[in-house]
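Chemist: Next up is a structure, given as structure tokens.
Chains as they are written, first to last, in my numbering: chain A, -12 to 127; chain B, 485 to 666.
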């Protein structure tokens, strides 16, 4: 019994996630492949405000569908990605974009990873230098 | 002496880092994740004109309430929090507050049947078939209620059911206060 379950586990897992994948694939788009690719990229970086940690590409909610429709119609009007993002941010706030803007209130957010890397690197270098100064036999 | 100081720092630095992180996380826990500050507050209400729920050949829109302070309520017949606030909306309407509705993500028959049984607090409801007005107003759930003044400025955007406390604590003071337009 256990062996059979183990054998089927990958298949069951794939079945379990296929629903989510189908959702993304069945999304309306553009005939033009280039425009369609741009559309796909864009909707993957816009937050579904109702579901928060999903993009509007992944969410089956009605509001996500409304937002995708808005993105499509703005793209059809020839607006740039930046203009579309700005418009959505003007209605929903910056939180709707997975890429937050660069401004004083978000400086910390953007540079925090670099600061953490730098801090970690300094600690690492110090520890390493201290260890290198120790005689070999101390480490055994 | 100097090794003592080094030892003190060895404990102080992680403690400070932990403290700062804890402060951020604690604040994060206390925020309501479903609530966002709307950039639309103190901005002009986006203009719209949509089919009337009661009569699809007529239009309902911002032009209908220009010059008056109104509530604009995003609702549908099946959402539980909309039903929760419904009695209070009826009460407000009875006391003379003009309420306009945006019926979104609903079916006309069901919406009309619900208003027929539960009572209709709306002067008129606009049917937003594809969610275009909902997106223009930055709506991300139902119900949402906007307080719009006679100049067409959004004074309050309220997410979730409207309670008497929200009305007296948020809406009424906003009508008195000057909107800080930036």
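Positions of the beta carbon are idealized from the N, C-alpha and C atoms, including for glycine.
Pop quiz: residue 643 of chain B and residue 628 of chain B are said to be a contact at Cβ under 8 Å. What is the actual Cβ separation, rounded to whole angstroms?
Modeler: 5 Å
Chemist: Excluding the five sequence neighbours on either side, which residues of its own chain have a C-beta within less than 7 Å of the C-beta of residue 73 of chain A, listed in chain order?
Modeler: none
Chemist: Taking CB distances under 7 Å as the criterion, tell me whether residue 523 of chain B reaches chain A.
Modeler: Judged by the 7 Å Cβ criterion, residue 523 of chain B is in contact with chain A.
Chemist: Skipping 5 residues on each side, what residues in its chain have a beta carbon closer than 6 Å to that of residue 43 of chain A?
Modeler: 30, 33, 35, 51, 54, 55
Chemist: Hey, is the stretch 552 to 559 of chain B in contact with the stretch 579 to 592 of chain B, meaning 3+ C-beta pairs nearer than 8 Å?
Modeler: yes
Chemist: Tell me which residue opens and which closes the beta strand (DSSP E) that residue 587 of chain B is part of.
Modeler: Start and end: 583 to 588.
Chemist: Tell me the DSSP secondary structure of residue 653 of chain B in three-state form.
Modeler: Residue state, collapsed to three classes: helix.
Chemist: Using the C-alpha atoms, what's the distance from residue 504 of chain B back to residue 512 of chain B?
Modeler: 12 Å
Chemist: By the three-class DSSP mapping on this structure, what secondary structure does residue 643 of chain B have?
Modeler: strand
Chemist: Output yes or no for whether 7 Å exceeds the beta carbon distance between residue 524 of chain B and residue 632 of chain B.
Modeler: No, they are not a contact pair.
Chemist: Helix, strand or coil for residue 637 of chain B? Go by DSSP, reduced to three states.
Modeler: strand
Chemist: Could you tell me the boundaries of the beta strand (DSSP E) in which residue 120 of chain A lies?
Modeler: Careful: residue 120 of chain A lies outside any beta strand (DSSP E), inside the alpha helix (DSSP H) at 94 to 120.
Chemist: Along the beta strand (DSSP E) that carries residue 610 of chain B, what are the first and last residues, could you check?
Modeler: 608 to 612
Chemist: Locate the beta strand (DSSP E) running through residue 667 of chain B, then write down its first and last residues.
Modeler: It is not possible to answer for residue 667 of chain B, since the shown part of chain B is limited to 485 through 666.
Chemist: Taking Cβ-Cβ distances below 9 Å as the criterion, which residues of the stretch 74 to 89 of chain A are in contact with chain B?
Modeler: 75, 76, 77, 78, 79, 80, 81, 82, 83
Chemist: I need the boundaries of the beta strand (DSSP E) containing residue 543 of chain B, first residue and last residue.
Modeler: Boundaries of the beta strand (DSSP E) around residue 543 of chain B: 543 to 545.
Chemist: Ignoring anything shorter than 4 residues, give me the alpha helix (DSSP H) runs that lie fully in the stretch 39 to 64 of chain A, in order along the chain.
Modeler: Listed in chain order, they are 49 to 63.
Chemist: Cutting at 8 Å between CB atoms, please list the residues of its own chain near residue 565 of chain B, excluding the five before and the five after it.
Modeler: Here the set comprises 626, 627, 644, 645.
Chemist: With a 10 Å radius around its C-beta and 16 neighbouring C-beta atoms as the bar for buried, classify residue 15 of chain A as buried or exposed.
Modeler: exposed
Chemist: When the Cβ atoms of the stretch 589 to 609 of chain B are set against those of the stretch 571 to 579 of chain B, are three or more pairs found closer than 8 Å?
Modeler: yes
Chemist: For residue 611 of chain B, decide whether its Cβ has a neighbour in chain A, counting only Cβ atoms nearer than 7 Å.
Modeler: no
Chemist: Using the DSSP secondary-structure output, state which residues sit across from residue 536 of chain B in a beta bridge.
Modeler: B:610
Chemist: Helix, strand or coil: how does DSSP classify residue 661 of chain B here?
Modeler: The three-state secondary structure of residue 661 of chain B, taken from DSSP, is coil.
Chemist: Following the continuous beta strand (DSSP E) through residue 631 of chain B, name the residue where it begins and the one where it ends.
Modeler: 628 to 632
Chemist: Could you tell me if residue 109 of chain A is buried or exposed, where buried requires 16 or more neighbouring beta carbons within 10 angstroms of its beta carbon?
Modeler: exposed
Chemist: Would residue 561 of chain B and residue 518 of chain B qualify as a contact pair, given that the criterion is a beta-carbon distance under 7 Å?
Modeler: no
Chemist: Less than 7 Å between the C-beta atoms of residue 515 of chain B and residue 611 of chain B, yes or no?
Modeler: Not a contact, by the Cβ cut-off of 7 Å.
Chemist: To the nearest angstrom, report how far apart residue 666 of chain B and residue 0 of chain A are at their CA atoms.
Modeler: Legend: pLDDT at residue 666 of chain B = 44, less than 50; position of this residue unreliable, value from coordinates given subsequently. Roughly 52 Å separates the two Cα atoms.
Chemist: For the stretch 104 to 118 of chain A against the stretch 65 to 82 of chain A, do three or more pairs of beta-carbon atoms, one drawn from each stretch, fall closer than 8 Å, so that the two count as touching?
Modeler: Segments in contact, no.
Chemist: Leaving out five residues on either side along the sequence, give the residues of the same chain with a beta carbon under 6 Å from the beta carbon of residue 624 of chain B.
Modeler: none
Chemist: Pull up the DSSP beta-bridge partners for residue 491 of chain B, would you.
Modeler: DSSP lists no partner for residue 491 of chain B.
Chemist: Residues in the same chain with beta-carbon distance under 8 Å from residue 672 of chain B, minus the five sequence neighbours each way, listed in chain order, please.
Modeler: Here chain B has residues from 485 to 666 only, and residue 672 of chain B is not among them.
Chemist: Under 7 Å between C-beta atoms, does residue 65 of chain A make it to chain B?
Modeler: no
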